[in-house]
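Below is one structure; the comments refer to it alone.
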Amino acid sequence: MKRYRHYDKDTAIILSCFGSVVEQSKYFEFENYIKNEFSSFDVFTAFSSKMVIKALAKEGKNYKNLPQVMADVDMLGYKKYVVVSVNIFPTDEHEVLVRMVKGFQNFSLANIRYTNALLHKTKETSNYLNFLDKTIRQKDEDCINLYIIHGVPVLNLSGLEAVNYTSGFLKLINEKNLTCSLEGEYPFFAVKDAIKRDILKIASKNTTVNIVPLLLVSGNHYDNDMKEITQEVANYSNAKIVDSINEDEKFNLLGQKEVQEMFRDNIKIELTKLQAI
């Protein structure tokens, strides 16, 4: 086919991220990590947040959304590429990514694959959550960890099994773990009285409640919602936003070596399927 002769480059990687107006640097650091890990491949980055794209444009940085970047990569002539789902759960953002990739597969001559979200497989999810909880408890074994999941405001969405598994697993591995969400199932505003009841049942005078944001970066939700939740819990118990477990000033997932390696391994799986490595 004559059209295929224009596909003269081998393999590319596209990082598909939501982005953050406040903590955008974390995504660029992650981009550099992936470039270093896959130095023989060209790496592109797409953002789905229009606010982020506009904010970056004001700084003179030209970034695009996923369909635009996929069109650019196709036009540049890459025969194969992997779209990386830089998402925690396989819920709404991941599902939109999947639909976009499948749409391009209908007309592009390139071989296109996409990765799983971070917490998608039982073994890897269980191992990571165990690591996370144990690491947080190294400083204080008797703390109460209130894990905050972002969530999505729809109850019949694909991928919610992963959210439910994460919530259930965390509560199962330690009786002093509690969970709720910001915008999804069991949102804090609706269950805060139940959380207060549970905390008072198990807390002693010196117990500290860690507010643990299960968010990729410490952006607006960290600066606003996590601080509000901490203040609410502080009315009846010692409470603070959990300390960072890496070198970052604020707790976040994307800066953690373990999380970066999970995303890296997801990419390796799809590159192998493309016979690119």
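Convert by adding 191 to the 1-based position in the sequence shown; the result is the number in the working numbering.
Even for Gly, the Cβ is constructed at its ideal location relative to N, Cα and C.
Remember, it's a predicted structure, so these values are computed and weren't measured experimentally.
* Asked: Which ranges would you report for the beta strand (DSSP E) in the segment 401-446 if only whole runs of at least 3 residues count?
  -> 429-432
* Asked: What's the call for H197, buried or exposed, on a 16-neighbour Cβ count within 10 Å?
  -> exposed
* Going by the CB atoms, is the gap between T306 and V275 shorter than 8 Å? -> yes
* Quick one, which of F295, A262, N256 and L310 has its alpha-carbon nearest P281's? -> L310
* Asked: In chain order, what residues of the same chain lie with their CB nearer than 7 Å to the CB of E315, ignoring the 5 residues before and after it?
  -> M453
* Considering only residues of the segment 206-292, which uninterrupted alpha helix (DSSP H) runs meet the minimum length of 4 residues and lie entirely inside it, listed in chain order? -> 215-228, 241-249 and 257-267
* Grab me the residues of N476's own chain with a C-beta within less than 8 Å of its C-beta, minus the 5 sequence neighbours each way, in chain order. => Nothing can be reported for residue 476, as the shown portion of the chain is limited to 192 through 468.
* Helix, strand or coil for K200, going by three-state DSSP, please let me know. => strand
* C-alpha gap between K459 and L465, whole angstroms -> 10 Å
* Asked: Rounded to a whole number of angstroms, what is the C-alpha to C-alpha distance between L346 and G375?
  -> 8 Å
* What residue does the beta strand (DSSP E) around L337 start on, and which one ends it? -> It spans I335 to I340 - the beta strand (DSSP E) in which L337 sits, taken as one unbroken run.
* Could you spell out where the beta strand (DSSP E) holding S299 opens and where it closes? => Where S299 is concerned, there is no enclosing beta strand (DSSP E), given that its DSSP letter is neither H nor E.
* Asked: Using CA coordinates, which residue listed in K367, V433 and E440 is at the minimum distance from R388?
  -> The option with the nearest alpha carbon to R388 is K367.
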